[in-house]
Amino acid sequence: MKKIIVKALHAGIKKLPKINKAYDLSFFSETIERTRDSSHGDFTSNIALRLAKSLKKNPRELANEIFDCIPKNNSIKKIEVAGPGFMNFYLYDSAYHTEIERILSNKDLIEKNKDFKKHKLLLEFVSANPTGPLHIGHGRHAAFGASLRNILEAVGYDVKSEYYVNDSGRQMDILCISVIIHLLQRENQRVSMPLAGYQGQYIKTISLAIDHKFNEDEIKIKELIPKIDDRDNQDQYIDCLIENTKRLISAKKFNQIKKQSLDLIKKDIQDDLSEFGVLFDSWFSEESLDRNGEIDKALKSLMKKNYLYEQDGATWFKATDLGDEKDRVVIRKNQNKTYFTSDIVYHHNKKERGFDTLIDILGSDHHGYIARVKAGLEAMGHNSDDLDVQLVQFVSLYENGVKQAMSTRSGEFITLRQLREEVGNDAARFFYIMRSNEQHLDFDLALAKSKTSENPVYYIQYAHARIASVINQLNEKSLKYDQKNGISNLKLLTSEKERQLMVSISRFSEILFLSAKNKAPHSLAQYLRDLANDFHSYYNESIILIDDHALRDARVSLAISTKKVISMGLSLLGVSSPSSM
RNA sequence: GCCCCGGUAGCUCAGUUGGAUAGAGCACAAAAUUCCUAAUUUUGGGGUCAGAGGUUCGAAUCCUCUUCGGGGCACCA
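Take the first sequence: its letters are residues 1225 to 1805, numbered as in this note's numbering.
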């Protein structure tokens, strides 16, 4: 709907020779907003105020000049120059009717931007280490990423989502040894879990599933346990323990158990996310980068470009040359590659696969990591601006005003699965994205569980269910609904609340584009709440199923289009739209 | 010490990227149902936009400083 104003303004400006510069449509679009106050019309543009300075003109005069040049348009009732130089646009109601008609037709509810389609995006998110179940923090990433993906797709982008599986490196060995220790304990061997090992219940579950039994002669506890005090040197202790184990049971058997453990955890994560309605187009294995020789190839290329040097027995990447605050190690003294090494290659790989923009959704505690990944991209010959990092802040759970403790170390943290079971997928999805991602989230468990109007999810879903119920009543009362008749009688909808509802419906597409542009799914959530409010308010004031056929069909048309918008909006957020509650 | 995010009504938060008189929900006070789902609606009070300076026609929004809260500054991931 905003397009009407954008085009009109553009047509007007084109006629003014002095202003006709290289302004594109998106510039005009940026100057136009919905009015906050209906006494200012439907839309307002501050274009005259913005251009006044560079043209050295009085903004009001300029606004009047533009006004004189705007051609007649059968959607625009009148244009006013107001205040310091705003241009206020008043639309005919028919413009809103056209919008309702479009929504009722079976086409897409919103018009995608065709230019976006050639833009390939790769959205990477969650990417939690496969060393344990997902917790409530990952849940926020999952909900945010999945919603963002849906929104970007809805406005026209070609977008794929990916989960990066950190399936190589030291932490996988630690996972494996934790499982092995558990297996040994089940055989009544006198070994204790290293302090740096994974302590959670799930380790037990994995060991039960693997159910491996070691031979008496291959495990000699005395040879297994390092001669160091675990409490003094946790890292050294566990590394030594891993080494001993590999030697005693053979690296082959160790890797076999590691693979089994990884597969079990990965499966659990995949099931968890899929039950949560979070689907990925691909699961990218970190380990595959090494296996396919991509890491070596990239390192050689960096070496050739003189981005690497040796110092203190390690190999360093000259990140400072490319904007990072310090140089970073890519190969450690012990010859192991760092996590960052894989990440340079992984991001390079993403670009090589043909993605224009890479969106990474990271925890806010990873912000210090951005500069080095960007440096890595530059070094591999890409533009670091192609990487867009969205940071997500932490989640705290509150139950009746009391903050719930959460500790990863003890393994007693609240999992995503527990949360989903507690409050349900719908409430979890909605609450996770209800707030801006860069804001700390206080997740109110009691509110999420409550089935009252205080709970925004139920409030919105209830609006949908009410409309569904009205449609059922139509049939039960054997009333006929004629959509064409409804559309041609939309002009009968003249009450303030009816107009308000039509205005809200017409904003949907603008909200989606804004939400996509700002990568802010929470705007959509806020909008849906407002829309539901407009409907409830209208529903309370007017009866839809009245005897007057023309007005009834018009009202049903309005209700059905509201239902369609709510339903699509909720589905983009991964929330269901029940027909009865 | 350096870097990132945040501070808006009693509480939880929006604020369309610099616009006109700063908005919701909850809580509080009062009202509405012979009628399509009361899981609803209507009305009301409530603000030094953390503080101070600056930029300009115009600042919650941009810049500088101060302050408070969270996070980050590895040959961990």
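Ideal Cβ positions, reconstructed from N, Cα and C, are used throughout, including at glycine. Bear in mind the structure is a predicted one, so any value in this text is a computation, not a measurement.
Hey, could you find the ends of the beta strand (DSSP E) residue i is sitting in?
i, result
"Ile1555", "1552–1555"
"Val1383", "1382–1389"
"Asp1666", "1665–1668"
"Glu1348", "1344–1348"
Name the DSSP beta bridge partners of residue i, please?
i, result
"Gln1535", "Ala1538"
"Leu1615", "Leu1586"
"Phe1310", "Ala1306"
"Ser1506", "Glu1386"
"Ile1300", "Leu1315"
"Thr1581", "Leu1345"
"Lys1627", "Tyr1622"
"Thr1639", "His1359"
Residue i to residue j, Cα distance in whole Å?
i, j, result
"Phe1618", "Gly1587", "7 angstroms"
"Pro1295", "Lys1344", "38 angstroms"
"Glu1597", "Lys1524", "The question names Glu, but residue 1597 in the sequence shown is Val. Each residue's Cα considered, the two are about 18 angstroms apart."
"Asp1178", "Tyr1593", "There is simply no residue 1178 to check, as the chain begins at 1225 and stops at 1805 in what is shown."
"Pro1283", "Tyr1762", "40 angstroms"
"Lys1451", "Ile1405", "17 angstroms"
"Cys1645", "Tyr1682", "Note on residue identity: the sequence assigns Glu, not Cys, to residue 1645. Taking the straight line joining both Cα atoms gives about 17 angstroms."
"Ser1733", "Glu1335", "8 angstroms"
"Leu1796", "Glu1720", "29 angstroms"
"Ser1608", "Glu1602", "6 angstroms"
"Lys1675", "Arg1515", "51 angstroms"
"Leu1408", "Tyr1570", "37 angstroms"
"Ile1657", "Leu1497", "16 angstroms"
"Lys1231", "Ser1730", "17 angstroms"
"Met1726", "Met1311", "22 angstroms"
"Asp1612", "Thr1581", "7 angstroms"
"Met1193", "Gly1424", "Residue 1193 lies beyond the residue range present for the chain, which begins at 1225 and ends at 1805; the question has no answer from this structure."
"Thr1632", "Gly1537", "Bear in mind that the predicted position of Thr1632 carries a pLDDT of just 46, short of 50, making it unreliable; the figure below should be weighed with that in mind. C-alpha separation (whole angstroms): 34 angstroms."
"Ser1747", "Val1616", "16 angstroms"
"Tyr1422", "Leu1640", "18 angstroms"
"Leu1526", "Gln1614", "27 angstroms"
"Ser1509", "Ser1677", "44 angstroms"
"Asp1248", "Ser1299", "22 angstroms"
"Asn1412", "Phe1438", "12 angstroms"
"Ser1431", "Asp1453", "26 angstroms"
"Ile1427", "His1436", "14 angstroms"
"Lys1550", "Arg1414", "46 angstroms"
"Leu1794", "Ser1803", "13 angstroms"
"Met1805", "Ile1684", "12 angstroms"
For the alpha helix (DSSP H) that contains residue i, what are its first and last residues?
i, result
"Asp1754", "1745–1765"
"His1572", "1563–1576"
"Ala1778", "1773–1796"
"Ser1709", "The displayed chain sequence assigns Asn, not Ser, to residue 1709. Start and end: 1707–1712."
"Leu1703", "First-last for Leu1703: undefined, no H or E at that position."
"His1234", "1226–1238"
"Ile1462", "1458–1473"
"Gly1501", "Gly1501 -> no alpha helix (DSSP H), and no H or E assigned at all."
"Val1597", "1594–1603"
"Val1727", "1720–1741"
"Asp1520", "1518–1528"
Kindly examine the ligand NAD and report whether one of its heavy atoms sits closer than 6 angstroms to the Cβ of residue i.
i, result
"Lys1721", "Only the bare structure without any ligand can be found here, which leaves the ligand NAD out of the picture."
Next on the checklist: List, from N- to C-terminal side, the alpha helix (DSSP H) runs of 4 residues or more that fit wholly inside the stretch 1256–1291.
Outcome noted: 1271–1279
Next on the checklist: Which runs of the beta strand (DSSP E) at least 3 residues long sit entirely within the stretch 1365–1452? Give them in chain order.
Outcome noted: 1382–1389
Checklist entry - Any contact of the stretch 1476–1492 with the stretch 1390–1406, i.e. 3+ C-beta pairs under 8 angstroms? => result yes
Checklist entry - What residue ranges within the stretch 1646–1691 form continuous alpha helix (DSSP H) runs of no fewer than 4 residues, ordered along the chain? => result 1649–1658, 1669–1673
Next on the checklist: With three or more beta-carbon pairs closer than 8 angstroms as the criterion, would you say the stretch 1747–1761 touches the stretch 1348–1357?
Outcome noted: no
Checklist entry - Do the stretch 1416–1428 and the stretch 1396–1404 meet, that is, are 3 or more Cβ pairs less than 8 angstroms apart? => result yes
Next on the checklist: Within 8 angstroms, do at least three Cβ pairs link the stretch 1691–1704 to the stretch 1783–1797?
Outcome noted: yes
Checklist entry - Using 8 angstroms as the Cβ pair cut-off and three pairs as the minimum, do the stretch 1378–1385 and the stretch 1656–1673 touch? => result no
Checklist entry - Between the stretch 1324–1335 and the stretch 1552–1562, do at least 3 Cβ pairs fall closer than 8 angstroms? => result no
Checklist entry - Are there three or more Cβ pairs, one per stretch, closer than 8 angstroms when the stretch 1360–1377 is compared with the stretch 1259–1273? => result no
Item to check | Three or more C-beta pairs below 8 angstroms linking the stretch 1700–1720 and the stretch 1777–1784 | outcome: yes
Checklist entry - Counting pairs of Cβ atoms below 8 angstroms between the stretch 1454–1467 and the stretch 1320–1329, do you hit three or more? => result no
Item to check | Touch test, the stretch 1271–1291 against the stretch 1301–1318, Cβ-Cβ under 8 angstroms, three pairs minimum | outcome: yes
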